[in-house]
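Accompanying notes for the structure given below.
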Amino acid sequence: MLLNAFEMANTECRLCGLKSPAAQLLTSQELEALEFNCAQINFKKGEIVFREGTFATNITYLKSGLVKIHMKGPARDKILRIMKSPSYLGLPTTFGEKVNHYSATALTDTQICFISLDTLRDFIFKNGGFAYENILELCRNELKDYQRYTNMSQKLLPGRLADILLCMSHELFNSNKFELPINYNELSDFISTSRESVSRLLGEFCKEGIISINKKELTILKEDILEKISLKG
DNA sequence: GCATTAACCACAG
DNA sequence: CTGTGGTTAATGC
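Counted the way the numbering used here counts, the first sequence spans residues 19 to 251.
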């Protein structure tokens with residue numbers, strides 16, 4: 019029984035093929051510590067990983083799948099980011115506050131590892147490479163967010179929509195053809211508009227041959243025009 | 001004034 | 001969940 023538990027531990031974090039860039043810098047002792055202080059939980063599409071307003075007890079690591087980060091606004095939900103793996107979720111809200119300031123919801127079936135806050139804090143104190151990788155990620159994300167939020171607040175609707183489509187194509191899927199990970203209502207929560215406007219505008223983009231949509235699959239046909247629309251605002 | 005943009009409502013597949 | 005039409009308010013020439 020003891021042996022069994024030990025073997026299980028062995029097959030967890032140390033041999034994990036989906037480590038974060040930061041976790042790749044952990045020593046084998048640290049990985050062993052990680053194994054005893056984390057639990058992988060799989061979520062189905064639509065399930066909530068952690069919820070705004072509840073106690074933040076763990077860091078969550080997105081091992082595979084897509085997750086939306088969103089928070090309640092005065093009027094409606096606001097999607098802040100869509101995260102792909104590998105990525106830690108909720109570092110700011112878990113380290114910075116006791117209570118989650120935003121929610122994370124699975125957009126696809128996902129594998130999530132819950133890691134105890136103390137363990138992660140310990141790594142940060144003791145392993146500079148690990149800490150640096152995490153800071154790097156936080157910095158990159160902050161810059162991207164600032165960029166996106168200034169764009170979102172100053173561009174007209176067509177520019178915002180073009181932006182988000184290009185962003186998904188370039189940063190999320192690395193392809194001109196992808197399955198929309200969110201419905202039109204969520205899309206409107208992302209670019210601060212109404213569901214109807216998203217519907218109308220995507221329809222127009224299709225009519226003009228800039229994109230094509232069947233079912234949920236979206237193809238960007240004329241990226242150059244989309245870029246122009248994005249720039250023009 | 002007149003045009004444009006886009007939200008809100010209603011209702012239908 | 002999505003598509004459309006009507007209405008309305010704000011903003012810009």
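Beta carbons: idealized from backbone N, C-alpha and C, even for Gly. None of these values were measured; they are calculated from a predicted model.
C-alpha of Ile238 to C-alpha of Cys224: approximately 10 Å in a straight line. Distance between Leu184 and Lys233, taken at the CA atoms: about 19 Å. DSSP places Asn169 in no beta strand (DSSP E) but in the uninterrupted alpha helix (DSSP H) bounded by 146-172. Membership of Glu197 in the beta strand (DSSP E) is indicated by the continuous run 195-197. In this model, Tyr164 and Ile182 are separated by some 14 Å (Cα to Cα). Here Asp207 is not near Ile66, since their CB atoms are 7 Å or more apart. Using a Cβ distance threshold of 7 Å, Lys86 and Leu125 count as a contacting pair. Between Cys34 and Leu52, the C-beta spacing is not below 7 Å. Secondary structure at Tyr120: coil, using DSSP grouped into helix, strand and coil. Approximately 10 Å separates the beta-carbon atoms of Thr128 and Leu107; this is outside 8 Å, ruling out the contact.
Contact annotation, Lys81 with Ile130: C-beta distance approximately 7 Å; criterion of less than 8 Å satisfied. For Lys116, the closest alpha carbon among the candidates Ser105, Ala149, Gly71, Phe148 is that of Gly71. Within the DSSP bridge table, the entry for Asp95 names Lys90 as partners. Asn118 counts as buried, since no fewer than 16 other beta carbons sit within 10 angstroms of its beta carbon. Collapsing the DSSP output to three states places Ala74 in coil.
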